[in-house]
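Colleague: In my numbering, the protein residues as written are 257 to 476. Glycine included, each C-beta is placed from N, C-alpha and C at the ideal position. My questions all concern the structure below.
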């Protein structure tokens with residue numbers, strides 16, 4: 257019995273030692289796994305926080321850029337609208353001025369200027385008064401300021417002196433012109449007003465087109 261008890265005690269002590277060692281190894285493994293899990297979890301949370309901060313920054317930059325683009329577009333639209341209205345008013349003022357100047361060239365003035373026209377050697381000679389009124393009708397005088405940006409024409413007196421020898425062919429008889437001077441002045445009165453209105457409109461469109469921003473300026 258004594259020998260059996262001693263052997264049993266020795267065997268039991270050995271298994272107990274093995275069990276303790278295994279328990280210690282298991283505990284170390286658990287602690288190591290827990291530490292690794294904590295490290296992974298902490299790293300994941302840190303990376304996720306950095307990602308969220310980066311996304312938030314990108315969204316903020318995008319919102320700021322969008323707001324700035326909208327502000328620039330709104331300012332450009334307001335400026336273009338105001339400029340368009342200004343050009344429209346300028347054009348309307350020009351047409352009113354042209355119409356008023358046309359009304360000043362009355363049929364009575366045409367008749368008075370036409371009295372200076374003389375027929376010599378089968379030619380119809382137009383005097384300075386007639387040429388001056390002709391230039392006034394087409395807006396070639398220095399006093400014309402109806403068309404925005406238009407350069408003034410030559411001096412009426414100088415033009416009259418240069419053009420005083422103008423003539424038109426006769427028809428029917430030696431003193432019978434194909435068209436009368438009154439017809440010519442009445443025609444140029446209406447034709448000149450129309451041409452100057454078109455010129456004012458064209459200048460307004462050119463000013464509008466030249467003032468528009470380019471595509472590069474729009475997207476700066």
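Which runs of the beta strand (DSSP E), 3 residues or longer, sit entirely within the region 292-331?
Modeller: Entirely contained in the region 292-331, not one beta strand (DSSP E) run reaches 3 residues.
Colleague: Quick test of your reading: residue 467 and residue 339, contact by CB under 8 Å. State the CB separation rounded to the nearest angstrom.
Modeller: Yes, they are in contact, since the Cβ atoms of residue 467 and residue 339 sit about 6 Å apart, within 8 Å.
Colleague: On the three-state DSSP scale, how would you describe residue 289?
Modeller: Correct three-state label for residue 289: helix.
Colleague: Between the C-alpha atoms of residue 444 and residue 459, what's the straight-line distance to the nearest angstrom?
Modeller: Distance between the alpha carbons of residue 444 and residue 459 is about 22 Å.
Colleague: Could you tell me which of 335, 280, 392, 320 sits nearest to residue 355, measuring between CA atoms?
Modeller: Here the closest residue by C-alpha is 392.
Colleague: Measure the alpha-carbon distance for residue 350 versus residue 331 and round it to whole angstroms.
Modeller: Between residue 350 and residue 331, the C-alpha separation is close to 28 Å.
Colleague: So the candidates are 456, 371, 286, 463; which of them puts its Cα closest to the Cα of residue 352?
Modeller: Measuring from the Cα of residue 352, the nearest candidate turns out to be 456.
Colleague: Could you round the C-beta distance between residue 441 and residue 370 to whole angstroms and report it? I think they count as a contact, below 8 Å.
Modeller: With 8 Å as the limit, residue 441 and residue 370 qualify as a contact, their Cβ atoms being about 7 Å apart.
Colleague: How about residue 452 and residue 395: are their beta carbons less than 8 Å apart?
Modeller: Going by C-beta atoms, residue 452 is nearer than 8 Å to residue 395.
Colleague: So what does DSSP say about residue 362, is it helix, strand or coil?
Modeller: In the structure shown, residue 362 sits in coil (DSSP, three-state: anything other than H, G, I, E or B).
Colleague: Assign residue 395 to one of three DSSP states: helix, strand, or coil.
Modeller: Residue state, collapsed to three classes: coil.
Colleague: Alpha carbon to alpha carbon, what distance is there between residue 317 and residue 285?
Modeller: Answer to the nearest angstrom: the Cα atoms are 48 Å apart.
Colleague: To the nearest angstrom, report how far apart residue 314 and residue 324 are at their CA atoms.
Modeller: Straight-line Cα distance between these residues: approximately 15 Å.
Colleague: Considering only C-alpha positions, which residue in the set 363, 336, 385, 390 is nearest to residue 464?
Modeller: That would be 336, whose Cα lies nearest to the Cα of residue 464.
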